[in-house]
Every structure is written in C-alpha cells, then in structure tokens.
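Visitor: Below are the structure tokens for one structure; questions will follow.
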Amino acid sequence: MQPLRIALAQIAPRLGLFEENLARHEQLLAEARAGGAGLVVFPELGLTGYLLQDLAAEIAIRTDDPRLAGLAAAAEGLSAVVSFVEESADHRLFISAALLEEGRVAHVHRKLFLPTYGLFDERRFFAPGDRLRSVPSRLGVGLGIGICEDFWHLAVPDLLALDGAQLLLNVSSSPGRDLAATNEVGLGTATSWRTLMRAYAQLTTSLVVFVNRVGIDESIAFWGGSEVIGPSGRPIFSAPLFDEGLFLVDVDLADIRRERISLPLLRDERPELLVRELERIVAERAGLALDEPAEVPG
Amino acid sequence: MSGPPGRVPGAVPGAVPGEVPGAVPGEVPGEVPGEPALFELPDELAIDTDIARRVIGEFIRAQLDQAGFERALLGLSGGVDSALVAFLVAEAIGPERLLCLLMPYRTSAPASVADAREVVRRLGCASELIEISPIVDAFFGRDGEPGAAGPEGLAASPVRRGNFMARVRMAVLYDRSVTWGGLVVGTGNKTESLIGYTTIYGDAACAFNPIGDLYKSQVRQLAQAIGIPEAIIRKAPSADLWPGQTDEGEAGFSYPVLDRLLYWMVDRRRSPEELVALGFETALVERVERMVAGSEFKRQVPPVAKLGPRTTGIDYLYPRRRPGSARR
C-alpha cells in the first residue's frame, strides 16, 4: 500500500482579487492538512480568476514574489499545485502552475497551448511556455503538470508519462457549454473532458487528477466536475458539477505499479520512432524535405 | 408556413451522420393523450433543463454579487420570456428580492396583464402596475389632439409607436432600478435577438440577460420544466403592439422552424447551400440570412472612432466586473 489522500480544491476564484484568492488558498491548505491530505491541487489561475484581459499585466507576479513564498511556507509538509499569472524577467506573461514542496517553489509549468478561438482569447494576453518536464516529488512518484488546453494535445500527457510522471495533474478553468440533452452529463464540455482524461489514464497507465474551477467570470460558467482517475482508466472520484468544495480522495499509488506490470504500454512505447517520424514531418512541413508518400503496396 | 416540418423524428434529412444529436426518446413535451402538445420542441434543440437552471442561477447570483446588488427587477409582459426570467430570478435569489413591473399600454391585451399577475401571484414577488399610455400619448398625441411630436405624430406607424413604447418601458425600469435598488434583468431570447426582432435601447436594454442564449423553443422547454402556467407557454408569442398581433403572423414563419434554421446556421455553421440541403426553403434561408446580417448593429456596442493610443472596446479591454467596479 502506498496510500495518498488528494485534496481537490474546486474553488470559485474572484476575478482580479489576488489577496482574497490567496487567503482562500491558505484557508483550504489548512483544511486539507487537517483532513490528512498529502497533495492539494488548485485550478488554473486560482489565484487570479480567468477572464482577466488587460488585468493580466496588473495581477502578474514573479516566481520569487514573497506572496508565493508565503503560500509555499503555508504548504509546508504538503505538496500543493497553485496557479497564477507569471511575469518573466523579460516581461512576458504566462499562465503558470507551481508545485510547492518543502516550503518552496519546486517547479513551475507554463501553459504550452493557449486557446485563441471560439470563446477563448488567451494568446492575445499571454505568451506560451516552451518547456515540458515531469518532476520528482516528495510523494515518491514523478508528477506531470498540464494546464487546461495542454491536455487537448495528445503529446502532452504522453511526453509527461515518458518523462517519468506517474501522476498526471491537469488544472483547468474550463467554461461549461453545450447543454444539449443528449450529452452524457447534460453538458458537452464535461462529456468531452471525461472521455479524454479517462483515455489518458488508461493509455499512460498513470493516475490522472483533473481539477476544474467553478463560479462565474462575466458570461462564462465554469463547471467543476473535478476527477481522480485510476491508472486503468476507471474513475475513482467525480466531484459534483458547479459546486464549490474541497474534496478529499484516497488513492493507492501502488495501483500504478500493478497496472504498469500487467499492462506494460509505457515499456513498449517507441519514443525513438516518434522522434524519427516527427523530424521527418517537421522537415516536410517546413519545405526542407520532399513529402515522402506512405508506402504503396505493389 | 415555410421550411421543413419542425420536428423530424430521428434525424435531419441530409445531415452528416453523427452530427445530429441522437433522438431524444420520442417524448413530446407536455403531451397528454387526446390533448395537443403544449409546444413543439425540435429534437436537436432539447436541452438538459436541470443544468440550464443551475448555470443560469449561478449566473444571476454572480451578476448581482459582482455588481454589489442584492435585488433585481424586470418588465413582466405576460409572455413566456419574461415569465421564465421572473421564475429563474426568484429561484436564484428568492422572490422577495424581485420586483416585476407590469407596464401595459391602453391597447395591450387584458389577458397579458392577467397572465403577468398570475406569475406574480405564484412567485409571491413584489410588483407594480405602471400604465405607459399617458407617456406615449403625450408624445404621439391622441384622438386628433397632437402631442409633443406635433401633428405628424398622430400618423406615426405601429413600428414607431412600438419602439417608443419599448423605450418608455426601458426608461421606467431604469428609474425603478434606483428606487428598488436592483439591476434590470433582460428577458430577450436568442431567436429574436438573432433576427433583430427587438428594439435597440428598448426591450434589449438590461444589466444582464439570463436567457439570451436560449432559442424560443428552449425557452418554452425550460418554462415547462420550471412550472410556468401552461396558458402562458401555450399562447402565441406577441409584441402586443396592436390587438391580435402575433410574432409568427407578422414574420411569416413558425418559431420551431426558425429556431432550427438559426441553430443549424449559427451554432452548427451551415452555409446557405447546406441549409437548403438540410431541407429548409431557399427563400426562407435567404430572408433569415438577411435579417441576421441586417440586425448585427443591435447586438453590438456602438463603434468608437479610433483616435487615441488606447480606446475602449478595442485595445482597452477589461472585464465589466473588474476589482472596484461593484457599487459600494
């Protein structure tokens, strides 16, 4: 048994009110600790709210901001993932998520994929990150962090798992939409996310933690529905839609080993094949190589 | 009536397989054997009403909370749109925080006021009856006696008079928003907004609108789910500008057909050719395309001439509910 209690902080951040959101984070960290959690996960932009537009530059912090250090200190003895607008030394703004461990900022992931279509306008206000790393953790397993849209690109969970993550964390501010009665849970967005996350868990034989915010920014209702999915793709816990709450979920990390021994998909991955074919595709797309047709029989 | 029948069992003719939501198990809303269906709900427009009520409730509470208000008010016409919004607001914040204004003109159907009163009675919310006849007549004149508009006003067209009435109601609502201390809630639906069947700065004016992304058929579906009196759901939608006027009579098409057409046009991004291939009449498609394009100005904030380095709505972009925006 490698028991771990995960706290899903399905909160409704206040738009543009950093101090208020910070206080809420500290309060929930204390509650999670009292509840025996080892890992606490907050949603995308939990410290700032989502639909910031020009507020993004005003609410951005550096990763050495004393308020972030204070939060890390408040998370002492826990692993916590928190998200905010990060300003880099050269004044680019990123949607970032930090892993807080041992009282410090242990790792920062910058959102790689910024949706700028439909109701989204992220690329107008933010720069995309360009590094993806799994990180070791005090929990004894590697962690892989993605932010919302990052997990709408197959390569992200795949790379994280290949890089050593056994726990895939996605923190989101996903706007709920499409109320067609034919949807699995009455909400198109929720149906899509559940399908994707369960597939990632199964394909990477990893534990997947999805934390989505609730509440309203302007016209948009965020739908919550945070989940923990076992390495076989079986959902262990599904939080209610639209309800704010701190949800404690017990998992056994030894399940990951059992799944990977019985279903060695990751062992059988062919990263060198991936690299070779990707290099070819990139070269062809850039016009540096002739488009090589797939082999035609006869 | 033009266009294909509103309710096509199973699938839409010519639709791409897999794109049409599967049949909602053959249920006709409100159907009782031997009785006509309460209304017609095209399959692809059926929504999950529990989720809709939840999202709209959160939306209403957040709009008020973020603006620093606890109360709301709206104009209650006796029609299904404003009745539904009244029910939704009462469900979200409690009927004691809602004020409904009944604002009939002297030619308004008496049944409209009676239906509005029934909504107020069922909700137990505050209400006020304000006759707008003296205001409207003072402008256009009455019985050959000219008003503020001069002699010409006596011959004003029904459209001018209707627009004026809508804007008087808006002015009354915004005055009462001060005395009641609440925000004005919009009651326009997606169908009328898309075709421009609204008065700009009249019925379209509001602080926020909980049902502006619901087609008329979906308004009826939600109205039934939340318990609006059947008579209100069943009666023909009308701007009630003159006796016997109905939306469908005036526009020349039925809401279920129009809703389906708009759904495939707007939400499913079908081209005019594809819409015709789906079974809609060419003339209807062309007409509705024109109505939607021609009313774009009603749905947007007016453009400001770009002159300075930073211009509101163009490159000065803040959420309405930014820190400090709430009433203190």
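Residue numbers (my numbering), protein chains in the order written: chain A, 30 to 327; chain B, 92 to 419.
We put the CB at the ideal spot given by N, CA and C, even for glycine.
Predicted model only: the values in this text are computed from it and were never measured.
(1) Tell me whether the stretch 151 to 159 of chain B and the stretch 284 to 302 of chain B touch, counting them as touching only if at least three CB pairs, one residue from each stretch, are closer than 8 Å.
(2) Is the Cβ-Cβ distance between A:F154 and A:A85 less than 9 Å?
(3) Let me make sure I understand the geometry here. Which of B:D206, B:L175, B:A217, B:I317 has the alpha-carbon closest to that of B:L189?
(4) Taking the beta carbon of A:Y146 as the centre, do at least 16 other beta carbons fall within 10 Å, making it buried, or is it exposed?
(5) Kindly list, in the order they appear in chain B, the residues whose Cβ is closer than 7 Å to that of A:L46.
(6) Using the Cα positions of B:E341 and A:I176, report the straight-line distance between them to the nearest angstrom.
(7) Can you confirm whether B:P249, when its beta carbon is compared against all beta carbons of chain A, has any partner nearer than 9 Å?
(8) Sorted by chain position, which residues of the same chain lie with C-beta nearer than 6 Å to B:R412's C-beta, five sequence neighbours on each side aside?
(9) Quick check: what's the CA-CA separation for A:L37 versus A:Y229?
(10) Below 9 Å between beta carbons: does that hold for A:L76 and A:L51?
(11) Compare the C-beta of B:A143 against all C-beta atoms of chain A and say whether one is closer than 9 Å.
(12) Where does the unbroken beta strand (DSSP E) through A:H54 begin, and where does it stop?
(13) Rounded to whole angstroms, how far is the Cβ of A:L107 from the Cβ of A:A41, which I believe are closer than 8 Å?
(14) With a CB to CB cut of under 7 Å and the five nearest residues on each side skipped, what residues in its chain are close to A:L80?
(15) Tell me whether A:M30 is buried or exposed, calling it buried when 16 or more other Cβ atoms sit within 10 Å of its Cβ.
(16) 9 Å is my cut-off, CB to CB: does B:E161 come that close to chain A?
(17) Can you tell me the Cα-Cα spacing of B:S168 and B:A137, whole angstroms?
(18) Mapping the DSSP letters down to three states, classify B:E380 as helix, strand or coil.
(19) For a test of the three-state rule: what should DSSP assign to A:E308, helix, strand or coil?
(20) Given a cut-off of 9 Å, decide if B:G215 and B:F231 are closer than it, judged by their beta-carbon atoms.
(21) Using a Cβ-Cβ cut-off of less than 8 Å, give me the residues of the stretch 400 to 413 of chain B that come near chain A, in sequence order.
(22) Quick one, which of B:L274, B:G148, B:S173, B:L375 has its alpha-carbon nearest B:R162's?
(23) Cβ atoms of A:H138 and A:L161: under 9 Å apart, would you say?
(24) How many Å lie between A:N199 and A:L141 at the Cα?
(25) With distances taken from CA atoms, which of B:G159, B:R361, B:V269, B:L264 is nearest B:Y292?
(26) Using CA coordinates, which residue listed in A:A194, A:I285, A:W181, A:T234 is at the minimum distance from A:R223?
(27) Please give the ranges of any alpha helix (DSSP H) in the stretch 202 to 252 of chain B, keeping only runs that are unbroken, at least 4 residues long and fully inside the region.
(28) DSSP three-state call for B:A114: helix, strand or coil?
(29) Could you tell me the distance, in whole angstroms, from the CA atom of B:D228 to the CA atom of B:P249?
(30) Any Cβ of chain A within less than 9 Å of the Cβ of B:G113?
Guide: Taking the definition as stated:
(1) Counting Cβ pairs under 8 Å, three or more are found: they touch.
(2) A Cβ-Cβ contact shorter than 9 Å links A:F154 with A:A85.
(3) Selection B:D206, B:L175, B:A217, B:I317 evaluated against B:L189 yields B:A217 as nearest (Cα-Cα).
(4) Taking all protein chains shown into account, A:Y146 has fewer than 16 neighbouring C-beta atoms within 10 Å of its C-beta and is therefore exposed.
(5) The contacting residues are P414.
(6) Each residue's alpha carbon lies about 51 Å from the other.
(7) With 9 Å as the cut-off, B:P249 does not count as an interface residue toward chain A.
(8) Closer than 6 Å at the Cβ level, and outside the excluded window around B:R412, lie Q157.
(9) Computed Cα separation, rounded: 19 Å.
(10) Yes. Within cutoff.
(11) Taking Cβ atoms only, chain A reaches closer than 9 Å to B:A143, which makes this a yes.
(12) Counting along the chain, A:H54 sits inside no beta strand (DSSP E); it lies in the alpha helix (DSSP H) bounded by residues 47 to 63.
(13) 22 Å between Cβ atoms; not a contact.
(14) Result list for A:L80: L44, D246, E247, I249, in chain order.
(15) A:M30 is exposed by the Cβ-count criterion.
(16) So, not an interface residue.
(17) C-alpha of B:S168 to C-alpha of B:A137: approximately 25 Å in a straight line.
(18) Residue state, collapsed to three classes: helix.
(19) The answer is helix: DSSP assigns A:E308 an H, G or I state.
(20) Not in contact: B:F231 and B:G215 (Cβ atoms no closer than 9 Å).
(21) From the stretch 400 to 413 of chain B, only Y407, L408, Y409, P410, R411, R412, R413 have a Cβ closer than 8 Å to chain A.
(22) Taking only the C-alpha atoms, the option nearest B:R162 is B:L274.
(23) With a cutoff of 9 Å on beta-carbon distance, A:L161 and A:H138 are scored as near each other.
(24) Approximately 12 Å between the Cα atoms of the pair.
(25) Considering only B:G159, B:R361, B:V269, B:L264, the residue with the shortest C-alpha distance to B:Y292 is B:L264.
(26) For the options A:A194, A:I285, A:W181, A:T234, the alpha carbon positioned closest to that of A:R223 is the one of A:W181.
(27) Every alpha helix (DSSP H) of 4 residues or more that sits fully in the stretch 202 to 252 of chain B is shown, in chain order, as 224 to 231.
(28) At B:A114, the pLDDT of 34 sits below 50, so the modelled position is not reliable; the number obtained from the coordinates is stated separately. Of the three classes helix, strand and coil, the one that applies to B:A114 here is coil, per DSSP.
(29) Those two C-alpha atoms are separated by around 13 Å.
(30) Reliability of the predicted coordinates at B:G113 is poor, the pLDDT of 34 falling under 50, and the value obtained from them is presented with this limitation in mind. With respect to chain A, the C-beta atom of B:G113 has a partner C-beta closer than 9 Å.
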